[in-house]
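Peer 1:
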Amino acid sequence: MMFRPLPVMTVLTLISLGILLWLGQWQYGRYLEKMAVDEQEPAWTQLEGAIVPDSEAFVYAYAEGVGGWRRVAAIDTGKALVFTTLQLEDAVETPARCLGTACRDGEPYSARGIFKAAYKRNAFTATDSPAQRQFYALVPSRLAEILPEAERARVSADLFEPESLPIVSDGRTALG
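The sequence shown begins at 6 in the numbering used here and counts up by one.
If you want it as structure tokens, here you go:
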């Protein structure tokens with residue numbers, strides 16, 4: 006018995022091999038592009054303003070594979086209201102809201118960071134609860150629902166992500 010490949014199958018195999026090599030090269034090129042972007046220095050900006058009174062909310066998010074709550078608040082820059090993360094908490098249950106004199110309402114806020122596009126909701130995102138100030142995606146238009154009607158129009162579509170965040174774990178705070 007002798008191996009005799011059909012000419013049509015040989016041609017189709019060679020074409021398939023060429024396509025696979027081309028796709029592999031394309032994917033490796035995309036990998037190199039993404040690695041180059043990761044190595045670039047971010048466009049750091051300084052956010053200056055004051056924390057908007059009664060704008061605190063909690064957004065459940067995953068960071069480095071660990072779920073936790075982001076304590077977010079709106080910052081009044083004079084031109085717009087920008088939502089930013091004040092701290093991360095690794096608690097399973099929603100942390101207690103800041104109430105009374107312990108709140109940072111109206112305090113000046115200054116941080117170095119980057120502006121980012123809002124996160125997107127997907128089919129698995131839980132239902133937000135604005136009444137309890139619990140959200141499951143960092144979407145400024147949804148977070149604006151906790152603000153007075155007059156302030157909602159001033160909310161920026163972008164989020165501000167500080168360079169370093171205080172991380173609360175087991176009651177202790179550390180910079181992330």
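Ideal placement from N, C-alpha and C gives every residue a C-beta, glycine not left out. No experiment lies behind these values; they were computed from the predicted model shown.
With V144 and A123 assumed to form a contact (beta carbons below 8 Å), what rounded beta-carbon distance in angstroms separates them?
Peer 2: Contact holds; Cβ gap of about 5 Å.
Peer 1: Just to confirm, is the Cβ distance from G73 to L86 under 7 Å?
Peer 2: Result no, Cβ atoms of G73 and L86 do not sit closer than 7 Å.
Peer 1: Give me, in chain order, the residues of the same chain whose beta-carbon lies closer than 8 Å to that of T106; leave out the 5 immediate sequence neighbours on both sides.
Peer 2: The predicted position of T106 is uncertain, since its pLDDT is 48 and thus under 50; no value can be drawn from it.
Peer 1: Compute the Euclidean distance between the alpha carbons of A116 and Q32, then round it to the nearest angstrom.
Peer 2: Each residue's Cα considered, the two are about 37 Å apart.
Peer 1: With distance defined between alpha-carbon atoms, name the residue in K121, I80, R102, Y36 nearest to A136.
Peer 2: It is R102.
Peer 1: Take F165 as the anchor and find which of R159, T90, F8 has the nearest alpha-carbon.
Peer 2: Considering only alpha carbons, the answer is T90.
Peer 1: With A41 as the anchor, note down where its alpha helix (DSSP H) starts and where it stops.
Peer 2: Per DSSP, A41 belongs to the alpha helix (DSSP H) from 12 to 44.
Peer 1: Between which two residues does the beta strand (DSSP E) carrying E94 extend?
Peer 2: Run containing E94: 86 to 94, per the beta strand (DSSP E) assignment.
Peer 1: Between E44, L52, Y36, K125, which lies nearest to A79 when the distance is taken from Cα to Cα?
Peer 2: Looking at the Cα atoms, L52 is the closest of the given residues.
Peer 1: Need the endpoints of the alpha helix (DSSP H) that L157 sits in, please.
Peer 2: Looking at the sequence provided, one finds Arg at residue 157 rather than Leu. Where R157 is concerned, the enclosing alpha helix (DSSP H) stretches over 154 to 157.
Peer 1: Between the alpha carbons of D59 and A149, how many angstroms are there, rounded?
Peer 2: In a straight line, the C-alpha of D59 is about 11 Å away from that of A149.
Peer 1: Spatial neighbours of K121 within its chain, please: C-beta separation below 7 Å, excluding the five flanking residues on both sides.
Peer 2: Cβ neighbours of K121 beyond the five flanking positions: D163, L164, E166.
Peer 1: For A149, name the three-state secondary structure that DSSP assigns.
Peer 2: The answer is helix: DSSP assigns A149 an H, G or I state.
Peer 1: Nearest by alpha-carbon distance to Y67: which of E46, I56, D95 is it?
Peer 2: When only C-alpha atoms are compared, the closest one is D95.
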